[in-house]
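Participant:
There are 2 protein chains.
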Amino acid sequence: MSTWFEITQSLDGFVAGPDPSLEDPLGKRGEDLHEWAFALASWREPHGRDGGEAGPENDLMQESRSRAGAVVMGRSMFSGGSGPWEDDPRASGWWGDEPPFGVPVFVVTHHEREPLVLGATRFEFVTGGVEEAVERAVAAAGDRDVSIAGGASVGRQALAAGLVDELLIHTAPMLLGGGTRLFDGEVAGLEIAEALAGPRATHVRYRVTR
Amino acid sequence: MSTWFEITQSLDGFVAGPDPSLEDPLGKRGEDLHEWAFALASWREPHGRDGGEAGPENDLMQESRSRAGAVVMGRSMFSGGSGPWEDDPRASGWWGDEPPFGVPVFVVTHHEREPLVLGATRFEFVTGGVEEAVERAVAAAGDRDVSIAGGASVGRQALAAGLVDELLIHTAPMLLGGGTRLFDGEVAGLEIAEALAGPRATHVRYRVTR
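Top line first, the protein sequences correspond to chains A and B. Take the first sequence: its letters are residues 223 to 432, numbered as in this note's numbering. Take the second sequence: its letters are residues 223 to 432, numbered as in this note's numbering.
#1: Please report the straight-line C-alpha distance between E207(B) and D234(A), rounded to a whole angstrom.
#2: Give me the Cα-Cα distance between G324(A) and P268(B), rounded to the nearest whole angstrom.
#3: Roughly how many whole angstroms lie between the Cα atoms of V352(B) and R358(B)?
#4: Under 9 Å, do L398(B) and I229(B) count as touching if we go by C-beta distance?
#5: For chain A, is any of its Cβ atoms less than 9 Å away from the one on E413(B)?
#6: Judging by CA-CA distance, which residue of A292(B), A371(B), M299(B) is the nearest neighbour of D246(B)?
#7: Scan the stretch 374 to 404 of chain B for residues whose Cβ lies nearer than 9 Å to a Cβ of chain A and list them as they occur along the chain.
#8: Which residues, in chain order, does the stretch 228 to 243 of chain B contribute to contact with chain A at a C-beta distance below 8 Å?
#9: Hey, does T424(A) have any beta-carbon neighbour from chain B nearer than 9 Å?
#10: Please confirm whether P321(A) has its beta-carbon closer than 9 Å to some beta-carbon of chain B.
#11: If the cut-off is 9 Å on Cβ atoms, which residues from the stretch 268 to 293 of chain A count as contacting chain B, listed in chain order?
#12: Would you tell me roughly how many angstroms separate the C-alpha atoms of E308(B) and G318(B), rounded to the nearest one?
#13: Please list, in chain order, the chain B residues whose beta carbon lies closer than 9 Å to that of A417(A).
#14: Could you tell me the alpha carbon to alpha carbon distance between E285(B) and W258(A), rounded to whole angstroms?
#15: Among D406(B), R429(B), P395(B), which residue has its Cα nearest to the Cα of E416(A)?
#16: I believe F227(B) touches L418(B) by the beta-carbon criterion, under 8 Å. Please report the beta-carbon distance rounded to the nearest angstrom.
#17: Around the Cβ of E279(B), are there at least 16 other Cβ atoms within 10 angstroms (buried) or fewer (exposed)?
#18: For a test of the three-state rule: what should DSSP assign to D281(A), helix, strand or coil?
#19: Which residue's Cα is closest to the Cα of F328(A): G305(A), D310(A), G420(A), V360(A)?
#20: Along the beta strand (DSSP E) that carries S232(B), what are the first and last residues, could you check?
What follows is the structure, given as structure tokens:
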């Protein structure tokens, strides 16, 4: 059993662009970060879309999907909100009626809430911080691994707490110039475990060594 | 004729670590960024060292070397200084009596100075900013290309001025946590032109598209 934190950044290290809003949660040009994924069959299928490309990048994404026995994410990745759930216009999440996970998802939040089942995905809301979320995800994942899916804040907290075995970083060919930084002061030694170059992004898997 | 800016960064986007000094110009752990290069024959040979690895990364570095007809660098990459030359303890540069360039090097500085010839390398000192330095380097390079060798500040200035055709970014597997950022607010569209993964770094060549 291992845990990995997987996210897409710009070459200048941002996971969202400047001026995010509820209408534009990834900020200016932030959506463009994910163009590489939108083209792939293994992204399109769980999102209810036809077609898409096969090939090594598709295999990489498919592997992430089949490997995850549970997912950890932050509140902003779940709904974009931060306050009490009754004030959150997206309290049912960004992910529609059929979220693409299909495994238990543990949402790190300051606000308690009963579990929410949407399609094949059960969301549980964890108020004990990223440590509790990862612990519960590990228990739920069985023989499979735990995906720490973001955003940057939850990933960084998990990394700082020593809870991340691997980073899988997708780098999109763009300089966003501002926005939400992926890393912010963390110090770590890494080893390159796998690297793959596609036409729209490069993908590197790192083992965290200290 | 084209220009490229080539530099090594950490995964979190730093080209030098925290607390640089004259004794430790790349800051804490900053030297480790370049471990991938120290192992290669094409780095060792111009630096007067024997041995080293062959292979695709070596070829990439060799290509950069043979492609450059002239080099542009900042004052801090030349000597680490910033004030008048007579006050600079490293006024003859970091590079020893036989600098590894062998082509004209244009140093961007605020302080005028006569050219300096060391071994096969002629350094010229340019007070008209990065624009003038690139212009003179292009004239000196003949049929060959111009290497914008760093540091980050000169590379960013050249990028902002529209003087960079390509970025060649080497990413070392480490999080430095602080130091000198490679990018700082620049916005650009990029296309992946080439990507290569080695055991100690990944290397991506980007075309600057806007």
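Even for Gly, the Cβ is constructed at its ideal location relative to N, Cα and C. All of these numbers come straight from a predicted model, not from anything done at the bench.
Facilitator: Taking the coordinates as given:
#1: Only positions 223 to 432 of chain B appear in the structure, and residue 207(B) is not among them; the question remains open.
#2: Locating residue 324(A) in the first sequence gives position 102, counting from the first residue. Locating residue 268(B) in the second sequence gives position 46, counting from the first residue. About 55 Å.
#3: The residue labelled residue 352(B) in the question sits at position 130 within the second sequence. The residue labelled residue 358(B) in the question sits at position 136 within the second sequence. Going by the C-alpha atoms only, they are around 10 Å apart.
#4: Taking the second sequence and counting its residues from 1, the one referred to as residue 398(B) is at position 176. Taking the second sequence and counting its residues from 1, the one referred to as residue 229(B) is at position 7. Not in contact: L398(B) and I229(B) (Cβ atoms no closer than 9 Å).
#5: The residue given as residue 413(B) occupies position 191 in the second sequence. At least one chain A Cβ lies under 9 Å of E413(B).
#6: Within the second sequence, residue 246(B) is the residue found at index 24, counting from 1. Looking at the Cα atoms, M299(B) is the closest of the given residues.
#7: L381, L389, I391, T393, A394, P395, M396, L397, L398, G399, G400, R403, L404
#8: L233, D234, G235
#9: On the first sequence, residue 424(A) is found 202 positions in, with the first residue counted as 1. Yes - at least one Cβ of chain B is within 9 Å of the one on T424(A).
#10: Here residue 321(A) refers to the residue found at position 99 when the first sequence is read from its first residue. Cβ-Cβ to chain B under 9 Å: no for P321(A).
#11: none
#12: Position 86 of the second sequence holds residue 308(B). Position 96 of the second sequence holds residue 318(B). Taking the straight line from one Cα to the other gives about 18 Å.
#13: For this step, residue 417(A) is matched to residue 195 along the first sequence. Those within 9 Å of A417(A) in chain B are A417, L418, A419, G420, T424.
#14: Residue numbering aside, residue 285(B) sits at position 63 when the second sequence is read from its first letter. Residue numbering aside, residue 258(A) sits at position 36 when the first sequence is read from its first letter. If you take the alpha carbons of E285(B) and W258(A), they lie about 29 Å apart.
#15: In the first sequence, counting from the first residue as 1, residue 416(A) sits at position 194. The option with the nearest alpha carbon to E416(A) is P395(B).
#16: Here residue 227(B) refers to the residue found at position 5 when the second sequence is read from its first residue. Here residue 418(B) refers to the residue found at position 196 when the second sequence is read from its first residue. That pair is no contact at about 17 Å.
#17: Here residue 279(B) refers to the residue found at position 57 when the second sequence is read from its first residue. Buried: at least 16 other Cβ atoms inside 10 Å.
#18: Residue numbering aside, residue 281(A) sits at position 59 when the first sequence is read from its first letter. The answer is helix: DSSP assigns D281(A) an H, G or I state.
#19: Working through the first sequence from its first residue, we reach residue 328(A) at position 106. Checking every option, the nearest Cα to that of F328(A) belongs to V360(A).
#20: By 1-based counting over the second sequence, the position of residue 232(B) is 10. Note, S232(B): beta strand (DSSP E), 225 to 232.
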